[in-house]
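First to last, the protein sequences are chains A and B.
In my numbering, each number is its position in the first sequence, counted from 1, plus 3.
In my numbering, each number is its position in the second sequence, counted from 1, plus 342.
Glycine included, each C-beta is placed from N, C-alpha and C at the ideal position.
Only one structure is covered here, and it is reproduced in the block below.
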Amino acid sequence: MSGPPVEMIRVLDPGPLTTVQDAGRGGQMRYGIPPSGPVDRRSFVLANRLVGNPDGAAALEFTLIGPRLRAEKPCIIAVTGADAPVTVDDAAAPAWTTLTLAAGDVVKIGAARAGVRGYVAVAGGIDVPPVLGSRATYLRGRMGGVQGRALARDDGLPLGAAATATAPRRRAVPLDARPQWGGEPVLRVVLGPQAERFTEDGIAAFLGSSYQLLPQSDRMGTRLNGARITHARGHDIISDGIALGTVQVPGDGQPIVMLVDRQSTGGYTKIATVCSFDIARIGQAKPGQRLRFTAVDVAAAHRLLEESDAALAGVELQEIA
Amino acid sequence: MDVNTRVRALEYLIAHKAVAGVVETVPTYSALLVYYDPSIVGYDALCGQLATLAEQATTTAMPPAREVQLPCCYEGELGPDLEAAAQRLTLSVDELVRLHAGAEYLVYFIGFTPGLPYMTGAPERLTIARLDSPRVKVPAGSVAIGGIQCCIYPVESPGGFWLLGRTPVRLYDPDAAAPILLKPGDRVRFRRIERREYDDIAARVAAGRFQPVIR
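Below you can see the structure in the form of structure tokens.
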């Protein structure tokens, strides 16, 4: 996305936590800077495709309740992710669908009925200045996005030049390709790298019982509560790297799943890593919701990742008359 | 060759040989986290390549380390744990400062918060158990010791190390072209400064007119 900012979105109400995110900031974890980016990459990518953007274009991620935005100029948007009601000038509008806004139109996204994180993509992408090659907001580091912070009332969002001069066709993500949030998701994990630091009972508890998501969860990590995962010897290690999906278990035996804004290193034992294709399912679980873990080996994880990537690449957007 | 030098040498070799499929690496004290793209390289194939490089890493010559000089003021409110640490170590405050400022430190990795250097090199005499109860807020720039380590807090954050002084230099500046000052493998020396010079440098840092000495 190059060229001068050409269009504007005005933030009338940001919602509790709305940030600019793109595909994420690579290569900086050795300096302590996490990748950031969307928690639910699949919904983020589909929002961008609906407006004709490249998959990694900068869009908005909202949390639990969506923002209220006014189009200052005509623009094309799409809302995906958490299941939240969308209105344009108070008339119900479909999510997972290309929406055409006229200058002055107000789009409002309400409270999520299911899921936690939603995405608002705008044709051309949100054109905030890239920092270390990315527009993603890293809140704790006050980096990227709009001045390193969450959106605030009256912010004006510049847009990049749209990829196509003509408006993209109106399209929708087919119903069977839209995710279902809720229930008791089973997350696939690869055990390790310190699984041997736990007792057999501890591993059995981790894989055999359900864990409830605690409200103290954010883009850095998801805290869970359930059957105690017992350590065989000590819960501290010499600090080492923390991956996306790392399941840390501190001394209290309760798991923490690390997400996109995680610290780069840590000193708690790591029982497993949640597979990247299941990160969205934990990121979309609401506080109080229960989750389960099941172990797969590395070969199976890679096969499932390939299938998941192929399924996303193969989503055929439906034309709307 | 010590384990951390081997970790950094392995990271250097991976970057230098541009190993296919490797996306990102994170060195720590005794481990290297390697992120890779499994659509480019398989797990077993990559492990084989990394094992070979890990052997070579024991004899690899790395590019010369940078030497970074950081001014540090060991006075009053800027070093709130100075007296308690001196007492715990049965040293005078002046001896503690002299020993701390006289050493050369090796950044063996960056982690926890953006740009935070974990360093070794303090004289054994300064080995000290971490604070019983970590502080909720440590001011940015605080220079601190804990265990055998020395660290500098780049942003206000919680912390369990003893705060001996403060540097006016920014280790993390999200608005700068290069937001992170220190890199794994850097050598760091502290230059003891008085409060007046601290304030002067802090003002120049704020105005974007101060660069630490880097050789």
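Handout entry: Close beta carbons around Ile-232 of chain A, own chain, < 7 Å, minus the five adjacent residues each side
Key = Numbered from its first residue, the first sequence carries residue 232 of chain A at position 229. Around Ile-232 of chain A: Phe-201, Gly-205, Ala-208, Phe-209, Val-252, Gly-256, Pro-258 and Ile-274.
Exercise for the section: Quick one: grab the DSSP three-state call for Ala-498 of chain B. Expected result: Position 156 of the second sequence, counted from the start, is the residue given in the question as residue 498 of chain B. Per the sequence presented here, residue 498 of chain B reads as Glu, with Ala not at that position. Coil at Glu-498 of chain B, not helix or strand.
Problem - Cβ contact (3+ pairs, closer than 8 Å) linking the region 495–503 of chain B and the region 376–394 of chain B - result: no
Problem - Residues of its chain near Thr-83 of chain A, where Cβ-Cβ distance is below 6 Å and the 5 sequence neighbours each way are ignored - result: As a first step, residue 83 of chain A is located in the first sequence; it is residue number 80 there, counting from the start. Cβ neighbours of Thr-83 of chain A beyond the five flanking positions: Ser-46, Leu-49, Ala-50, Trp-99 and Tyr-122.
Exercise for the section: Please list, in chain order, all residues of the same chain as Phe-86 of chain A whose beta carbon is under 8 Å from its beta carbon, the five residues on each side excluded. Expected result: For the purposes of this step, residue 86 of chain A is taken as the residue at position 83 of the first sequence. Per the sequence presented here, residue 86 of chain A reads as Asp, with Phe not at that position. These residues qualify, in order along the chain: Ala-98, Ala-115, Arg-116, Ala-117, Gly-118 and Trp-184.
Exercise for the section: Measuring only between beta-carbons, confirm whether Val-368 of chain B sits less than 8 Å from chain A. Expected result: By 1-based counting over the second sequence, the position of residue 368 of chain B is 26. Interface residue, yes.
Practice task
Assuming Leu-395 of chain B and Ile-356 of chain B form a contact by the criterion Cβ under 8 Å, report the distance between their Cβ atoms to the nearest whole angstrom.
Solution key: For the purposes of this step, residue 395 of chain B is taken as residue 53 along the second sequence, with counting starting at 1. For the purposes of this step, residue 356 of chain B is taken as residue 14 along the second sequence, with counting starting at 1. Yes, Leu-395 of chain B and Ile-356 of chain B are in contact; Cβ-Cβ is about 6 Å, under 8 Å.
Handout entry: Val-23 of chain A beta carbon less than 8 Å from that of Pro-516 of chain B
Key = Counted from its first residue, the second sequence places residue 516 of chain B at position 174. Counted from its first residue, the first sequence places residue 23 of chain A at position 20. Not closer than 8 Å, so no.
Practice task
Have a look at Gln-219 of chain A and Arg-512 of chain B and give me their C-alpha separation to the nearest angstrom.
Solution key: One-based indexing of the first sequence puts residue 219 of chain A at position 216. One-based indexing of the second sequence puts residue 512 of chain B at position 170. Each residue's Cα considered, the two are about 30 Å apart.
Handout entry: Buried versus exposed call for Arg-156 of chain A [16 or more other C-beta atoms within 10 Å across all chains shown]
Key = Counting from 1 along the first sequence, the entry for residue 156 of chain A is found at position 153. Arg-156 of chain A should be labelled exposed.
Exercise for the section: Compute the Euclidean distance between the alpha carbons of Tyr-354 of chain B and Arg-145 of chain A, then round it to the nearest angstrom. Expected result: Taking the second sequence and counting its residues from 1, the one referred to as residue 354 of chain B is at position 12. Taking the first sequence and counting its residues from 1, the one referred to as residue 145 of chain A is at position 142. For Tyr-354 of chain B and Arg-145 of chain A, the distance between alpha carbons rounds to 29 Å.
Exercise for the section: For Thr-455 of chain B, count neighbouring C-beta atoms within 10 Å of its own C-beta (all shown protein chains included) and say buried if the count is 16 or more, exposed if not. Expected result: Looking up residue 455 of chain B in the second sequence gives position 113. Counting Cβ neighbours within 10 Å, Thr-455 of chain B comes out buried, since at least 16 surround it.
Exercise for the section: Give the interface partners of Tyr-34 of chain A over in chain B, defined as CB-CB distance under 7 Å, in chain order. Expected result: In the first sequence, counting from the first residue as 1, residue 34 of chain A sits at position 31. Result: Ile-452, Pro-456, Gly-457 and Ile-522.
Problem - In chain order, each beta strand (DSSP E) run of at least 3 residues that lies wholly inside the region 196–275 of chain A - result: 214–216, 224–228, 239–244, 249–252 and 259–261
Problem - Contact set between the region 380–392 of chain B and chain A, restricted to residues whose Cβ is under 8 Å from the partner - result: Pro-380, Ser-381, Gly-384 and Tyr-385
Problem - For Glu-310 of chain A, three-class secondary structure by DSSP - result: As a first step, residue 310 of chain A is located in the first sequence; it is residue number 307 there, counting from the start. DSSP places Glu-310 of chain A in helix when its eight states are reduced to three.
Practice task
Give the residues of chain B in contact with Ile-241 of chain A, contact being defined as C-beta atoms less than 9 Å apart.
Solution key: The sequence position of residue 241 of chain A within the first sequence is 238, counting from 1. Chain B residues near Ile-241 of chain A: Thr-370, Tyr-371, Ser-372 and Ala-373.
Exercise for the section: Measure the C-alpha to C-alpha separation of Leu-128 of chain A and Gln-321 of chain A and round it to an integer number of angstroms. Expected result: Taking the first residue of the first sequence as 1, we reach residue 128 of chain A at position 125. Taking the first residue of the first sequence as 1, we reach residue 321 of chain A at position 318. Here residue 128 of chain A turns out to be Gly, not Leu, going by the sequence shown. Taking the straight line from one Cα to the other gives about 22 Å.
Practice task
Please list, in chain order, all residues of the same chain as Gly-269 of chain A whose beta carbon is under 7 Å from its beta carbon, the five residues on each side excluded.
Solution key: Position 266 of the first sequence, counting from 1, holds the residue named residue 269 of chain A. Same-chain partners within the cutoff: Ser-242, Ile-245 and Gln-251.
Exercise for the section: With DSSP as the reference, label Cys-578 of chain B as helix, strand or coil. Expected result: Nothing can be reported for residue 578 of chain B, as the shown portion of chain B is limited to 343 through 557.
Practice task
Kindly indicate if chain B contains any beta-carbon less than 8 Å away from that of Leu-67 of chain A.
Solution key: As a first step, residue 67 of chain A is located in the first sequence; it is residue number 64 there, counting from the start. Not closer than 8 Å to any Cβ of chain B, the Cβ of Leu-67 of chain A fails to qualify, so no.
Problem - Neighbour flag for Met-4 of chain A against chain B, beta carbons, 8 Å - result: Within the first sequence, the letter at position 1 stands for residue 4 of chain A. Unreliable positioning characterises Met-4 of chain A in this predicted model, as indicated by a pLDDT of 46, which lies under 50. The coordinate reading is nonetheless provided below. Cβ-Cβ to chain B under 8 Å: no for Met-4 of chain A.
Practice task
Pick out whichever of B:Ser-434, B:Thr-367 and B:Leu-505 has its Cα sitting closest to the Cα of Leu-392 of chain B.
Solution key: Position 50 of the second sequence, counting from 1, holds the residue named residue 392 of chain B. Out of B:Ser-434, B:Thr-367 and B:Leu-505, B:Thr-367 has the C-alpha closest to the C-alpha of Leu-392 of chain B.
Exercise for the section: Mind the definition here: the region 279–293 of chain A touches the region 304–322 of chain A only if three or more C-beta pairs lie below 8 Å; say whether that holds. Expected result: yes
Exercise for the section: Kindly say whether Ala-288 of chain A, judged by its beta-carbon, lies nearer than 8 Å to any beta-carbon of chain B. Expected result: Against the first sequence, residue 288 of chain A aligns to sequence position 285. Output row for Ala-288 of chain A: interface = no.
Exercise for the section: Count the other CB atoms, across all protein chains shown, that sit within 10 Å of the CB of Asp-43 of chain A; report buried if there are 16 or more and exposed otherwise. Expected result: Here residue 43 of chain A refers to the residue found at position 40 when the first sequence is read from its first residue. The residue in question, Asp-43 of chain A, is buried, as its Cβ has 16 or more Cβ neighbours within 10 Å.
Problem - Given Arg-191 of chain A as reference, the closest of A:Ile-36, A:Val-91 and A:Val-301 once Cα atoms are compared - result: Counting from one through the first sequence, the residue named residue 191 of chain A turns up at place 188. The option with the nearest alpha carbon to Arg-191 of chain A is A:Val-301.
Practice task
Whole angstroms is fine: what's the gap from Glu-187 of chain A's alpha carbon to Leu-523 of chain B's?
Solution key: Walking along the first sequence from the start, residue 187 of chain A turns up at place 184. Walking along the second sequence from the start, residue 523 of chain B turns up at place 181. Taking the straight line from one Cα to the other gives about 45 Å.
Practice task
Drop a sphere of 10 angstroms on the beta-carbon of Val-263 of chain A, count the other beta-carbons inside from all chains shown, and report buried for 16 or more, exposed for fewer.
Solution key: Against the first sequence, residue 263 of chain A aligns to sequence position 260. With 16 or more Cβ atoms within 10 Å of its Cβ, Val-263 of chain A is classed as buried.
Practice task
Run through the region 356–437 of chain B for me and flag every whole alpha helix (DSSP H) of 4 or more residues, listed as ranges in chain order.
Solution key: 385–399 and 424–430
Problem - Reference Glu-199 of chain A; option with closest CA among A:His-234, A:Leu-178 and A:Arg-181 - result: Numbered from 1 along the first sequence, position 196 holds the residue referred to as residue 199 of chain A. When only C-alpha atoms are compared, the closest one is A:His-234.
Problem - Nonlocal neighbours in the same chain, by C-beta distance under 6 Å from Val-449 of chain B, ignoring five residues either side - result: Within the second sequence, residue 449 of chain B is the residue found at index 107, counting from 1. The answer, listed in chain order, is Pro-459, Met-461, Leu-524, Pro-526 and Asp-528.
Problem - Under 8 Å between C-beta atoms of Cys-78 of chain A and Leu-53 of chain A - result: By 1-based counting over the first sequence, the position of residue 78 of chain A is 75. By 1-based counting over the first sequence, the position of residue 53 of chain A is 50. Not in contact: Cys-78 of chain A and Leu-53 of chain A (Cβ atoms no closer than 8 Å).
Exercise for the section: Please compile the residues from chain B whose C-beta is within a distance smaller than 7 Å of the C-beta of Arg-145 of chain A. Expected result: Along the first sequence, one-based indexing puts residue 145 of chain A at 142. In chain order: Pro-516.
Problem - Residue(s) in a DSSP beta bridge with Lys-111 of chain A - result: Sequence index remark: in the first sequence, residue 111 of chain A carries index 108 (1-based). Its beta-bridge partners are A:Arg-71 and A:Thr-90.
Problem - Within chain B, the residues that Leu-135 of chain A reaches when beta carbons sit closer than 8 Å - result: Position 132 of the first sequence, counted from the start, is the residue given in the question as residue 135 of chain A. Simply Pro-521.
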